Structure formats: C-alpha cells, structure tokens
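Data first, discussion second: the structure below is written as structure tokens.
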Amino acid sequence: MVIIRAEESKDREAVREVNASAFGRPGEADLVDALRENAPQHVSLIAEEDGRIVGHIFFSPVTVESGAGDWAAMGLAPMAILPEFQARGVGSRLVREGLEHCHRAGHDVVFVLGHADYYPRFGFTPAKPRGIECEFPAPDENFMVAELKPGALNGRAGMVRYRPEFRSV
Numbered sequence: 001m002v003i004i005r006a007e008e009s010k011d012r013e014a015v016r017e018v019n020a021s022a023f024g025r026p027g028e029a030d031l032v033d034a035l036r037e038n039a040p041q042h043v044s045l046i047a048e049e050d051g052r053i054v055g056h057i058f059f060s061p062v063t064v065e066s067g068a069g070d071w072a073a074m075g076l077a078p079m080a081i082l083p084e085f086q087a088r089g090v091g092s093r094l095v096r097e098g099l100e101h102c103h104r105a106g107h108d109v110v111f112v113l114g115h116a117d118y119y120p121r122f123g124f125t126p127a128k129p130r131g132i133e134c135e136f137p138a139p140d141e142n143f144m145v146a147e148l149k150p151g152a153l154n155g156r157a158g159m160v161r162y163r164p165e166f167r168s169v
C-alpha cells in the first residue's frame with residue numbers, strides 16, 4: 001500500500017533517484033536539491049510503498065508581478081513517479097495531498113506548467129483567461145492555476161516568476 005508523507009532528510013537520495021528516473025536526466029533532481037536548500041516555505045511530499053520511495057512532488061514559492069502590487073503563490077514542480085508506478089494513482093494522490101498541505105500552510109493559489117489533460121481534475125484551469133501569464137514560453141492550455149481559497153484570484157493578474165533555480169533546468 002502506498003502512503004503519502006512529508007519528505008525527511010533521510011529521503012533525499014531516494015528522491016533524487018525518483019526524479020532522475022522519471023525524467024530520464026538529472027536536471028529535475030538537481031532542481032529539487034537547489035529548491036530544498038534555497039526556497040523557504042516549500043512543500044515536499046513523497047509516496048512510499050513498503051519502505052521504497054516511488055513518487056515525489058514539490059511546491060515552491062512563486063511571485064506574481066503586477067502593476068497593482070506583487071503577490072505570492074506556490075508553484076507545483078516537479079512531480080515524479082517511478083516509471084513502474086505510473087498510471088496507478090500515485091501522482092493523483094500526491095497532487096491532492098500536496099494541494100491540501102499548501103492550503104493548510106496558508107497558500108491560496110497554486111500554479112502548474114503541465115499536461116492540460118491531467119491537472120484540470122484537481123481544479124486547475126488555464127491561467128491566461130484570468131490575466132495571468134508565465135515567464136516561460138508555453139502553450140496557454142499548459143499553464144494553469146488552482147484557487148485553494150475561493151475568490152483568491154479576484155482582481156488579481158500579472159506575470160508569474162519562478163525562483164531562479166528553475167532557469168538552470
């Protein structure tokens with residue numbers, strides 16, 4: 001049975017392996033290491049089965065630059081599941097638990113740059129129609145936002161800026 005829990009320091013090497021295996025390269029594993037060290041108020045959860053870490057999700061602060069004043073939110077990235085555990089609901093559980101952790105920590109808005117056919121099931125909708133854009137070039141349907149508190153986006157717009165660590169991936 002897969003359990004979802006907060007990442008602990010003892011999990012770091014296994015989290016690296018999950019990210020490198022899922023993405024087929026070390027870039028996302030390096031990103032997680034850098035964010036873990038430099039991003040305050042991050043949320044990092046792991047999926048574990050029989051003592052083996054099989055999935056990981058990371059949320060870090062983003063800034064939304066706006067003429068009306070900058071505001072803070074969270075960004076979901078990366079999420080990684082070992083290939084042999086994909087399509088078994090592990091990712092869905094990580095996303096749901098991660099959003100709940102963000103909400104309990106007082107974060108009202110989460111952004112994701114991801115698959116347009118996957119993230120809407122968790123309440124994500126395209127950000128562009130709400131007047132919110134991503135600093136990275138991406139199709140409009142892939143840059144999405146979820147309100148964890150109803151109305152949190154009312155009257156808000158701007159450009160989402162991710163932490164500098166994302167520029168090295």
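Under our numbering, the sequence shown has 9 at position 9, and the numbering climbs by one with no breaks. Backbone N, C-alpha and C fix where the C-beta goes; we use that ideal spot for every residue, glycine too. Just so you know, these numbers come straight off a predicted model, no measurement behind them.
field: Start and end residues, alpha helix (DSSP H) containing residue 111
entry: Walking along the sequence shown from the start, residue 111 turns up at place 111. First-last for residue 111: 109-113, but that is the beta strand (DSSP E), not the alpha helix (DSSP H).
query: What span of residues does the beta strand (DSSP E) with residue 169 cover, start to end?
result: The residue labelled residue 169 in the question sits at position 169 within the sequence shown. No beta strand (DSSP E) holds residue 169; DSSP gives it neither H nor E.
- request: List the endpoints of the continuous alpha helix (DSSP H) containing residue 7.
  value: For the purposes of this step, residue 7 is taken as residue 7 along the sequence shown, with counting starting at 1. Where residue 7 is concerned, there is no enclosing alpha helix (DSSP H), because DSSP gives it neither an H nor an E.
task: Let me know the beta strand (DSSP E) ranges lying completely inside the region 74-151, each 3 residues or longer, listed in chain order.
output: Counting only runs of 3 or more, we get 109-113, 132-134, 143-147.
message: Just verifying my parser: in three-state terms, what is the DSSP assignment at residue 14?
response: Along the sequence shown, one-based indexing puts residue 14 at 14. If DSSP states are grouped into helix, strand and coil, residue 14 belongs with the helices.
query: Where in the region 10-70 do unbroken runs of the alpha helix (DSSP H), each at least 4 residues long, occur, reported from the N-terminal end onward?
result: Complete alpha helix (DSSP H) runs here, min 4: 12-23, 27-38.
- request: Pull up the CB-CB distance for residue 82 and residue 21, whole angstroms please, since I reckon it's below 8 Å.
  value: Locating residue 82 in the sequence shown gives position 82, where the first residue counts as 1. Locating residue 21 in the sequence shown gives position 21, where the first residue counts as 1. That pair is a contact at about 6 Å.
task: Answer with yes or no whether the minimum CB distance from residue 169 to chain C is below 9 Å.
output: Within the model displayed, chain C is absent; a lone protein chain is all it includes.
- request: Using a threshold of 9 Å, state whether the C-beta atoms of residue 94 and residue 123 are closer than that.
  value: For the purposes of this step, residue 94 is identified with residue 94 of the sequence shown, where counting begins at 1. For the purposes of this step, residue 123 is identified with residue 123 of the sequence shown, where counting begins at 1. The Cβ atoms of residue 94 and residue 123 do not sit closer than 9 Å to each other.
- prompt: Could you check where the beta strand (DSSP E) with residue 155 kicks off and where it finishes?
  reply: Taking the first residue of the sequence shown as position 1, residue 155 is located at position 155. Careful: residue 155 lies outside any beta strand (DSSP E) and carries neither H nor E.
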